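Single-structure report; data block below.
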DNA sequence: AATATATATAATAATATAATTATATAAGAC
DNA sequence: GTCTTATATAATTATATTATTATATATATT
């Protein structure tokens, strides 16, 4: 299976992967689905910043979203060929994982 | 084997892959090593443009260079884990391959 | 209905990127 | 040495990216 039908699409995929914050987000989604508020807490950037990153990740099909009440949960799209190729070798980010465990969570 | 020791290095790798022209260059190097002048002719961008792309590809270790007289031949670095992971599924670019065949070549 | 919480979008500003042209360097030919 | 060819670097410009703040929307709670 080929990574993408054209270099235009493929370069777009790589552009989305070319930002460190988005790599961290993928690293967190690899553990389990996450809502925007938890990601905001772990990444320590503004909430709109997170939402914009999620939009880009969704645009190229790396993530799916699931709405539950006022929360939006994002998870990795296991149908994406490039993402699935990369994921088994994805590096860990111990600081983020630690902070995720310690985050109190925004759900009541 | 992990793709990179940190997200900093990995995002840098993806940044280099996030440009369509550089994906085309990798596609051409996949066929055989190429000198700057041949790449310039096939890609139809300026020669300094090609040199700058090659510099970025070299910086992250995607390509190696070999000097032969006044020519510099670039080839893919088969030691690079990410590149080697991607390469088997690399898309073809028939127009570039066609133009490479028809290019007269800069060697005398 | 009013308020609070979660998320998305718009506007903006700082920085990065990629192309070009101009110039420098280095090797080969005469 | 001078001229030509191949490549690299510097300077510049146009565009893209990513962060922020301000605001809008949508759901839940009271």
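Protein chains in written order, with the numbering used here: chain A, -6 to 101; chain B, -6 to 101. In this text, a Cβ means the ideal position worked out from N, Cα and C, and glycines have one as well. Source: prediction; values computed, not measured.
Does DSSP classify residue 82/B as helix, strand or coil?
Residue 82/B falls in the helix class under three-state DSSP.
By Cβ distance, which residues of its chain are closer than 7 Å to residue 63/A, with the 5 residues on each side in sequence left out?
For residue 63/A, where only same-chain residues beyond five positions count, there are no Cβ hits under 7 Å.
Taking residue 34/A as part of the alpha helix (DSSP H), name the residues at either end of that continuous run.
Counting along the chain, the unbroken alpha helix (DSSP H) around residue 34/A starts and ends at 29 to 36.
Is there at least one Cβ from chain A nearer than 8 Å to residue 84/B's Cβ?
At least one CB atom of chain A sits nearer than 8 Å to the CB of residue 84/B.
List, in order along the chain, the chain B residues whose C-beta lies closer than 7 Å to that of residue 94/A?
Under a criterion of Cβ atoms nearer than 7 Å, no residue of chain B is adjacent to residue 94/A; the nearest Cβ is some 19 Å distant.
Closest to residue 23/B by C-alpha separation, out of 61/B, 96/B, 97/B, 57/B, would be which residue?
Of the listed residues, the one whose Cα sits closest to residue 23/B is 57/B.
Check whether the stretch 32 to 42 of chain A and the stretch 43 to 60 of chain B are in contact - that is, three or more C-beta pairs closer than 8 Å.
With the cut-off at 8 Å, the stretch 32 to 42 of chain A and the stretch 43 to 60 of chain B do not touch.
State yes or no: is the beta carbon of residue 0/B nearer than 8 Å to at least one beta carbon in chain A?
True, the Cβ-Cβ gap to chain A drops below 8 Å.
Within chain B, the residues that residue 23/A reaches when beta carbons sit closer than 9 Å:
Per Cβ cutoff of 9 Å: no residues; residue 23/A is ~12 Å from chain B at best.
Which of the three DSSP states, helix, strand or coil, is assigned to residue 69/B?
In the three-state reduction of the DSSP assignment, residue 69/B falls in the strand class.
Out of curiosity, what's the CA-to-CA distance linking residue 70/A and residue 73/B?
Roughly 26 Å between the two C-alpha positions.
Applying a beta-carbon distance threshold of less than 7 Å, which residues of chain A neighbour residue 51/B?
Residues of chain A with a Cβ closer than 7 Å to the Cβ of residue 51/B do not exist, since the nearest Cβ in that chain sits about 18 Å away.
Residue 76/B CB to nearest chain A CB: under 8 Å?
The beta-carbon of residue 76/B is placed no less than 8 Å from the nearest beta-carbon of chain A.
Residues from the stretch 53 to 65 of chain B in contact with chain A, defined by Cβ distance under 9 Å
The residues in question: there are none.
Pull up the CB-CB distance for residue 9/B and residue 17/B, whole angstroms please, since I reckon it's below 8 Å.
Actually they do not touch by this definition, with Cβ atoms about 13 Å apart.
Residue 58/A, DSSP secondary structure in three states:
In the structure shown, residue 58/A sits in a strand (DSSP, three-state: E or B).
8 Å Cβ cutoff, residue -5/A in contact with chain B
Yes - at least one Cβ of chain B is within 8 Å of the one on residue -5/A.
Straight-line gap, residue 19/A to residue 75/B (C-alpha atoms, nearest Å):
Looking at the backbone, the Cα of residue 19/A and that of residue 75/B are separated by about 17 Å.
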